[in-house]
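Under full-length UniProt numbering, the residues of the sequence shown are numbered 1 to 387, in order.
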Amino acid sequence: MAIECMITTRRSTQSMAQPPSLKTEHKQDDQKPLVFDASVLRYQTEIPEQFIWPDEEKPCANTPELQVPLIDLGGFLSGNKQAATKASTIVGEACQKHGFFLVVNHGVDNQLIADAHRYMDDFFGFPLSEKQRAQRLLGEHCGYASSFTSRFSSKLPWKETLSFRYSADKSSSSIVQDYLCSKMGEEFKEFGRVYQDYSEAMSTLSIGIMELLGLSLGVDRAHFKEFFEDNDSIMRLNYYPPCQKPDQTLGTGPHCDPTSLTILHQDQVGGLEVFVDDKWHSISPNLNAFVVNIGDTFTALSNGRYKSCLHRAVVNSQTPRKSLAFFLCPRDDKVVKPPNGLVDDTSCPRIYPDFTWPMLLEFTQKHYRADMKTLQVFSNWLQQKSS
Ligand SMILES: C=C1C[C@]23C[C@@]1(O)CC[C@H]2[C@@]12CCC[C@@](C)(C(=O)O1)[C@H]2[C@@H]3C(=O)O
Ligand SMILES: O=C(O)CCC(=O)C(=O)O
Ligand SMILES: [Fe+2]
Numbered sequence: 001m002a003i004e005c006m007i008t009t010r011r012s013t014q015s016m017a018q019p020p021s022l023k024t025e026h027k028q029d030d031q032k033p034l035v036f037d038a039s040v041l042r043y044q045t046e047i048p049e050q051f052i053w054p055d056e057e058k059p060c061a062n063t064p065e066l067q068v069p070l071i072d073l074g075g076f077l078s079g080n081k082q083a084a085t086k087a088s089t090i091v092g093e094a095c096q097k098h099g100f101f102l103v104v105n106h107g108v109d110n111q112l113i114a115d116a117h118r119y120m121d122d123f124f125g126f127p128l129s130e131k132q133r134a135q136r137l138l139g140e141h142c143g144y145a146s147s148f149t150s151r152f153s154s155k156l157p158w159k160e161t162l163s164f165r166y167s168a169d170k171s172s173s174s175i176v177q178d179y180l181c182s183k184m185g186e187e188f189k190e191f192g193r194v195y196q197d198y199s200e201a202m203s204t205l206s207i208g209i210m211e212l213l214g215l216s217l218g219v220d221r222a223h224f225k226e227f228f229e230d231n232d233s234i235m236r237l238n239y240y241p242p243c244q245k246p247d248q249t250l251g252t253g254p255h256c257d258p259t260s261l262t263i264l265h266q267d268q269v270g271g272l273e274v275f276v277d278d279k280w281h282s283i284s285p286n287l288n289a290f291v292v293n294i295g296d297t298f299t300a301l302s303n304g305r306y307k308s309c310l311h312r313a314v315v316n317s318q319t320p321r322k323s324l325a326f327f328l329c330p331r332d333d334k335v336v337k338p339p340n341g342l343v344d345d346t347s348c349p350r351i352y353p354d355f356t357w358p359m360l361l362e363f364t365q366k367h368y369r370a371d372m373k374t375l376q377v378f379s380n381w382l383q384q385k386s387s
């Protein structure tokens, strides 16, 4: 049988009181979860109904391409002032419109990017039972997940993911490698090293981009750089197997990233789409570039100036697609609040209350399936709790 059904006895633990009037789409304990075994499902002409998205959310044919600026980081990273002014102006415009831009001459070693893709092919090519050695547990955001079959019962994504924590703290210099080896075994040392190095490169790049964002917002250039210097982030490998009904499903459903900044490297297959001006637009693959987008937490840090935009990923019937996503997050104890320069009691009052990243993460993991309204719903909920 292609789709194996089993009864789960796991119960979700909820340490936070259920936010009133929030309709969660989380799975009930008495429902039988599907198992998403890509090695079988990729050939099936009919797909399980849980993967069939409502008509209004299904992929559209002929999506226009998004005109997204290509930022040459070379000059900025080497300290050229003119290049910094030019780059920050273009980035600022893109972030006010939709929050997406591309970066080239980013300083990340091409061989490291190629290795990170190659090791993904190896990992996701393993039998399901092997990958499940790193199984993501309910309520956690790290580990291997084959779709979200044990979490949700509808609008399931056609993908597998492997996620892990990255910490920029000096005492955690092998956190990625240690985690992957602890789950998969010592023979994954080289695999772990590649993603340790890749995450580190992403952390460095994201801090450079934070300087650029600070400049573009007219705040002290060091402000966001310092805020994220000790980041505690999430690295995710997204693997989208082929699907024989690609027009019925989505690889990643429409969402805004709740995190601060996402740096994505997509392979040459294509599939990333962004919702701008009431339409879905595609972002064409460019192996030399990283796609960067603002997340909800940075929207809050910029006091609403920079947009965290709805995006999704579509799949195809022929070719597996891979993307590597680094989600920059502040250290757990950092209070997310905009710098004084972005707040003015009369002309620019505070839009979102203070929060910490673990509060928003817990909200999306346990109570609310993240979508385009996550930040607003979370913010209303916080304000209502404290009133
Ligand atoms: C499809 C989803 C997975 C995600 C929650 C969401 O509904 C939309 C954003 C996803 C993301 C990306 C960054 C890391 C993560 C833990 C988060 O906070 O938002 C994941 C969520 C997840 O895997 O649960
Ligand atoms: O794979 C992609 O292109 C997008 C993935 C994404 O949006 C995510 O992982 O949050
Ligand atoms: Fe995303």
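Quick reminder that beta carbons are idealized off the backbone N, C-alpha and C, glycines included.
Terminal residues of the alpha helix (DSSP H) in which P358 lies
Judged by DSSP secondary structure, P358 falls within the alpha helix (DSSP H) whose first and last residues are W357 to K366.
Enclosing alpha helix (DSSP H) for R193 [first to last residue]
K189 to L217 is the extent of the alpha helix (DSSP H) around R193.
Mark C60 as exposed unless 16 or more other C-beta atoms lie within 10 angstroms of its C-beta, in which case mark it buried.
Residue burial annotation: C60 is exposed, with fewer than 16 other C-beta atoms found within 10 angstroms of its C-beta.
Rounded straight-line distance, which links the Cα of C95 to that of Q196
Their backbone Cα atoms lie some 29 Å apart in a straight line.
Should R118 go down as buried or exposed, given a rule of 16 or more other Cβ atoms within 10 Å for buried?
By the neighbour-count rule (16 or more Cβ atoms within 10 Å), R118 is not buried but exposed.
Exposed or buried, L213, counting other C-beta atoms within 10 Å across all chains shown (16 or more means buried)?
That one is buried.
When you measure from the CB of A300 to every non-hydrogen atom of ligand 2, does any distance come out below 7 Å?
No, since every heavy atom of ligand 2 falls outside the 7 Å radius drawn around the Cβ of A300.
Kindly give me the distance between the Cβ atoms of L261 and I209, rounded to whole angstroms, as I take these residues to be in contact under 8 Å.
For a cut-off of 8 Å, the C-beta gap from L261 to I209 is around 6 Å, short enough to register as a contact.
Return the chain-ordered ranges of every alpha helix (DSSP H) run that is complete within the UniProt domain "Fe2OG dioxygenase" (230–330) and spans a minimum of 4 residues.
Counting whole runs of 4 or more residues, the UniProt domain "Fe2OG dioxygenase" (230–330) contains the alpha helix (DSSP H) stretches 296–301.
The alpha helix (DSSP H) enclosing V377, as first and last residue numbers:
Counted as a single uninterrupted DSSP element, the alpha helix (DSSP H) harbouring V377 occupies residues T374 to S386.
According to the neighbour-count rule (16 or more other Cβ atoms, all chains shown, within 10 Å of its Cβ), is S386 buried or exposed?
Taking all protein chains in view, the Cβ of S386 is surrounded by fewer than 16 other Cβ atoms within 10 Å, so the residue is classified as exposed.
Would you be able to state if there are at least three C-beta pairs under 8 Å between the stretch 96–110 and the stretch 136–144?
With the cut-off at 8 Å, the stretch 136–144 and the stretch 96–110 do not touch.
By the 10 Å Cβ neighbour count, where 16 or more other Cβ atoms means buried, how is L162 classified, buried or exposed?
The residue is buried, with at least 16 neighbouring Cβ atoms inside 10 Å.
Indicate the three-state DSSP secondary structure (helix, strand or coil) for F101 in the structure shown.
DSSP places F101 in strand when its eight states are reduced to three.
Using 8 Å for Cβ pairs, my map puts residue 394 next to F355. What's the rounded Cβ distance?
With the chain covering 1 to 387 only, the question about residue 394 has no answer from this structure.
Unbroken stretches of the alpha helix (DSSP H), 4 residues or longer, contained in the stretch 65–145
Runs of the alpha helix (DSSP H) spanning 4 or more residues and lying entirely within the stretch 65–145 occur at 74–77, 81–97, 110–125 and 128–131, in chain order.
Beta carbon of S325 nearer than 8 Å to that of L272
Looking at the sequence shown, residue 325 is not Ser but Ala. The answer is no: Cβ separation not under 8 Å.
Residue range of the alpha helix (DSSP H) that includes S39
Its alpha helix (DSSP H) spans residues A38 to L41.
Using DSSP with H/G/I as helix, E/B as strand and the rest coil, what is residue 395?
Beyond the ends of the chain as shown, which are 1 and 387, falls residue 395; an answer cannot be given.
Nonlocal neighbours in the same chain, by C-beta distance under 6 Å from P285, ignoring five residues either side
Around P285: Q266, Q268 and G270.
Using only the heavy atoms of ligand 2, determine whether one of them is closer than 7 Å to the beta carbon of R151.
Not under cutoff, so the answer is no.
Cβ-Cβ separation, K322 to residue 406 (assumed contact under 8 Å), whole Å
In the structure as shown, the chain begins at 1 and stops at 387. Residue 406 is therefore absent and cannot be evaluated.
I need the DSSP call for F152, collapsed to helix, strand or coil.
Assignment of F152 by DSSP, reduced to helix, strand and coil, places it in the strand class.
Please confirm whether any heavy atom of ligand 3 lies closer than 7 Å to the CB of H106.
Checking the Cβ of H106 against ligand 3 gives no.
Select from E56, R42, D230 and P54 the residue whose C-alpha is nearest the C-alpha of L124.
Looking at the sequence provided, one finds Phe at residue 124 rather than Leu. Nearest in C-alpha terms to F124, of all of E56, R42, D230 and P54, is R42.
Between the Cα of R193 and the Cα atoms of L180, T204 and P54, which residue gives the shortest distance?
The shortest C-alpha separation from R193 is found at L180.
On the DSSP bridge list, what partners appear for V336?
F355.
Taking buried to mean at least 16 other C-beta atoms within 10 Å of its own C-beta, is P64 buried or exposed?
With fewer than 16 other CB atoms across the displayed protein chains lying within 10 angstroms of its CB, P64 is exposed.
Below 8 Å between beta carbons: does that hold for F100 and N293?
Yes, the pair counts as a contact, with Cβ atoms nearer than the cut-off.
Is any non-hydrogen atom of ligand 1 found closer than 7 Å to the C-beta of H265, if you look at the structure I gave you?
Placement of the Cβ of H265 at a distance of 7 Å or more from every heavy atom of ligand 1 is found.
Give the secondary structure of E49 by DSSP, where H, G and I count as helix, E and B as strand, and everything else as coil.
Shown here, E49 sits in a helix according to DSSP, grouped into three states.
If you draw a straight line from the alpha carbon of F152 to that of K366, how long is it in whole angstroms?
Using only the alpha carbons, I get a separation of about 11 Å.
When the Cα atoms are used, what is the spatial distance from H281 to V377?
If you take the alpha carbons of H281 and V377, they lie about 26 Å apart.
Helix or strand or just coil, what does DSSP make of C181?
Under the three-state reduction of DSSP, C181 is assigned to helix.
Within 10 angstroms of its Cβ, does V276 collect 16 or more other Cβ (buried), or is it exposed?
When all chains shown are included, V276 counts as buried.
Return helix, strand or coil for D344, following the three-state DSSP convention.
When secondary structure is reduced to three states using DSSP, D344 falls in the strand class.
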